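Notes for the one structure printed next.
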Amino acid sequence: MKRLALGILLVILCFNCFAQQDSVAVKHKVALGENLFRISLKYNVKLDKLKQWNSLTSDAIGEGQELIVGYEVANTKPQPSKSSNTLDYLNRLQKLVDQVENLYYLSLAEESEKRDYADTALLNALFSRQYSENAEYQLMNEMNSVMMQALKDDIGLSFYSSFTHNFEPGIFEGEDLFFRTRANVGFDWQLFGSGFLGNKDEAKRLEVENQINSLLESKVARNENYIYSYNYFIYLFNKSQQKYLERRLSMINSFLEIASQMYLVRATPWEQIVKLKGRKEGLENMAKNLANYNKGFDSAYAELNFDRLLDAESLPVLEIIPEMVFSGVESDSLNQSLVALEKQKVDLEYKKTRDLSFRTYVRYNLYDEDLSDIRSYGSVGATFSVPLFKNRRNSELKEKRLAVLSSRLGNQATAINNELMNHYYEYEYTLKQFLEMYGDKELALERLRRELAKDYLQDPSFTPIDAINYLDQLFAIDFELLDLKQKMYLKLLKIYSLMKDNKASDITRVMNLGNFLDKMAGDRAVYAWSATLGKFDPGFLTKYSINNDFSRLFISPGNTDPSTLESLMELAHKSNQKVYRLIGENSFAKDGQSDGLMTIAQSAIEQGYDGIQLDIEPHTFDDWDNNKEGYLANLSAAISGVRDIIGDEKQLSVSIPLFYSESFLESVEGIVDEFILMCYERPEVEFIVAQISQEVALNQDKVTLALRTDDFSDRIELEDFVKKLIDATGIDRIVIHDLGSLISLDQETIMGN
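According to mature numbering (1 follows the signal peptide of the UniProt record, and there is no 0), the residues represented by the sequence shown are -19 to -1, 1 to 734, in order.
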């Protein structure tokens, strides 16, 4: 008993000792770039637990914030998970995020290419191409042509013969025979009816009928080819849609594999897995249906000459011109031509001479009175007959027949116009859906851009799952946009098939979506000096320029590290931005075609620049007033030399002030691709409009306007002025001077200092 009591006492004492040890909270200080998701992986703790321990209502955390990541007995520290699998998840997720970023830039580049494409010649060929011919009318015309030739060969002459023998005695008493036997041979020549003149009229009628058949053939040709073009359009759009399904499936499969493994360590909820699997199954089914349709198309139309390489995404978005579609019955020239030809045909059919008969003949006659004495003689004669009552109704019949035809064609035209109205309404409704969806795409791009910017800035709120989901939403919208565009093209094809001999470009206008949802007015470029390139890293500059809608970067590299330039150019080209080598050494205006300038130009082309931007300003020299002609001649020679170096494949842009002479402008206008007019110091619309008049008169298409941020107090004032300047000049190409000062202006505008 004593031993038992002693044992119980020891157990109680040990329990009390352990109970008195405090549980200590283990804390983690949030570093730049960390988020709740990554911290949960690091310490192998569920997200819900982290939120519960830290009283968090969302995933938002901040740099430097202390979080409870677990509890331990005093003097014991929890160790972060050493699982190589956990590290592998993070690495694979980061690679997936990098892939998302690459696809984002690819989407920007593809969108820019689609905006720039508007080939109306291809559009017309696509709608008017003939894949099958209906030979019915052609065969009818060939048959009529044979009949016409036969009628022309028939002059109405026919051979005549007859033989008569009279019985004796006759049938009645008192009959007296004039002759016992008679025979006649000879020729008849018929003028009317089926004779010489009648055949000419019939040949004319067949000729008119051939003209009618030709019109009817052209009228039904579009309907005959409608089903072929309809299936072809579906085939083209299916191919383009398959691209986005493949991208979505690739991303989902990669993410699903990671998510499935993460579920095993309870880092991802099962609902996420189920949702992904359901989405994957639906996408695979869609991909299968598209592939099956296209396989059937290739099999059914293997012998037809379809352009199977055409990309449906390159087809422009079209706006229907209502007044060209609803032409009305009276203005339908095809129906008017049909009525006119039918009238000619009816006139020939009901010609007054149609029922007349005028026949001339020549005969040789043989008579036998008593079978022994044959008498013979020749004779000529003519017969003429005319109906007494039949022709009285011909005029009325003609009118009724033409009235029936006009009514039938009028009803057809009315029915077509009604059908056109319905198709037009459906097209406009689909176009409205497309534009709304296009706006959704811009929102999806912006959401994805902001999420990727979080990753770049190491924002703790960034999660790879959100970036992947946003990219998937973007591809889903691209798929839906193609589906809506397909519906518009199929509807337009039906409208086209109901129309007369219009081209597709006659009834539509290409919609320019280039600036449809742009954040900034105008097509923009920006100068970037070497100081800016050294101050900010390429990733930030690229993202900033994309966010500000700069399509071109004019870079003055100076002593910038070559790897920085290479990285910047690579990122810019990913997003379809053009990069020009900015040459701004004014001394080149003293040397003309100097070796130094030519070397820089040659090197720029070898480095992959898209063009050269010459910002050589001899007007800044002290002796400008006395030697301006010589300096301008040197500048002209320099421009010509650079063009010889870069050739016609690369762009040549030249910056000039507003006061260079007209003779200088004319001397280089045919050499340069762009004049950038420096509208500095006086941001006044009226002043600028007056000052650029000679450049605009010379070639407005080559004029671009440059503005300086130093001339404006904030970004709002700058943007307001840009809009006013574009409206006043009609020139929407704008260059901002410069990238570094614009970033500063943004900071001052946003921060208010």
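Idealized CB from N, CA, C, for every residue including glycine. Keep in mind it's a predicted model, so treat the numbers as computed, not measured.
Spatial neighbours of W170 in its chain, beta-carbon cut-off 6 Å, leaving aside the 5 residues before and after
G137, L138, T341
Measuring only the C-alpha atoms, how far is Y257 from K220?
Going by the sequence as given, residue 257 is Leu instead of Tyr. For L257 and K220, the distance between alpha carbons rounds to 24 Å.
Roughly how many whole angstroms lie between the Cα atoms of Q467 and P297?
11 Å
Going along the chain, which residues of its own chain have a beta-carbon closer than 8 Å to the beta-carbon of L196, five neighbours each way excluded?
L315, S318, L319, L322
Bounding residues of the alpha helix (DSSP H) (the contiguous stretch that carries S674):
674 to 680
V7 versus D29 - alpha carbon distance:
17 Å
Between I597 and G565, how many whole angstroms is the CB-CB distance? I'm expecting something under 8 Å.
7 Å
R73 by DSSP, collapsed to three states: which one?
helix
Closest by CA to L613, which one among G592, S584, Q574?
Q574
For E662, which residues from the same chain have a beta carbon less than 7 Å from its beta carbon, with the 5 sequence-adjacent residues on both sides left out?
D692
Go ahead and pull the three-state DSSP assignment for Q439.
coil
Three CB pairs or more closer than 8 Å across the segment 183 to 194 and the segment 361 to 369
no
Taking L228 and L84 to be in contact with their CB atoms under 8 Å, please state how far apart those CB atoms are, rounded to whole angstroms.
In the sequence as presented, Leu is not what sits at residue 228; that position holds Arg. Yes, R228 and L84 are in contact; Cβ-Cβ is about 7 Å, under 8 Å.
How would you call K58, buried or exposed, if buried means at least 16 neighbouring beta carbons within 10 angstroms?
Because K58 sits at a pLDDT of 48, beneath the cut-off of 50, its placement in the model cannot be relied upon, and the point is left open.
Three or more beta-carbon pairs under 8 Å between the segment 385 to 392 and the segment 433 to 450, yes or no?
no
Among the residues of its own chain, which have a CB less than 7 Å from the CB of V26, if the five just before and after it don't count?
V50, G51
At what residue ranges does the segment 589 to 660 contain a whole run of the alpha helix (DSSP H), taking only runs of 4 or more?
605 to 627, 643 to 650
Length-filtered (3 minimum) beta strand (DSSP E) runs lying within the segment 545 to 588:
559 to 564
What three-state label does DSSP hand Q171 in the structure shown?
strand
Suppose the cutoff is 7 Å on Cβ atoms and the five residues either side in sequence are ignored; what does the same chain contact list for E676 look like?
L646, F656, L658, V684
For residue 735, which three-state DSSP category applies?
In this structure the chain extends from -19 to 734, so residue 735 is not present and cannot be described.
What's the call for P368, buried or exposed, on a 16-neighbour Cβ count within 10 Å?
exposed
I'd like to check one pair, S143 with R163: are the Cβ atoms closer than 9 Å?
yes
Count the other CB atoms, across all protein chains shown, that sit within 10 Å of the CB of S636; report buried if there are 16 or more and exposed otherwise.
buried
Could you give the distance in angstroms between the alpha-carbon of L390 and the alpha-carbon of D487?
24 Å
Kindly give me the distance between the Cβ atoms of D530 and R714, rounded to whole angstroms, as I take these residues to be in contact under 8 Å.
The pair is not a contact, with the Cβ atoms about 12 Å apart (cut-off 8 Å).
Terminal residues of the alpha helix (DSSP H) in which F702 lies
696 to 710
For L48 versus L31, is the C-beta distance shorter than 9 Å?
yes
What do you reckon, are the CB atoms on F339 and L107 nearer than 9 Å?
no
Residue range of the unbroken alpha helix (DSSP H) whose run includes F160:
Neither: F160 is in no alpha helix (DSSP H) and is coded neither H nor E.
Where do the ends of the beta strand (DSSP E) carrying D349 lie?
338 to 349
Under three-state DSSP, which class holds D727?
helix
Could you check where the alpha helix (DSSP H) with A448 kicks off and where it finishes?
445 to 479
When the Cα atoms are used, what is the spatial distance from Q2 to L426?
Any reading at Q2 must be qualified, since the residue scores a pLDDT of 48, below 50, and its modelled position is unreliable; the value itself is stated next. About 55 Å.
Using the rule of at least 16 other Cβ atoms within 10 Å of the residue's Cβ for burial, across every protein chain shown, is L429 buried or exposed?
buried
Within the same chain, show all residues whose beta-carbon is closer than 7 Å to that of V343, passing over the 5 residues directly before and after it, in chain order.
G167, F168, V361
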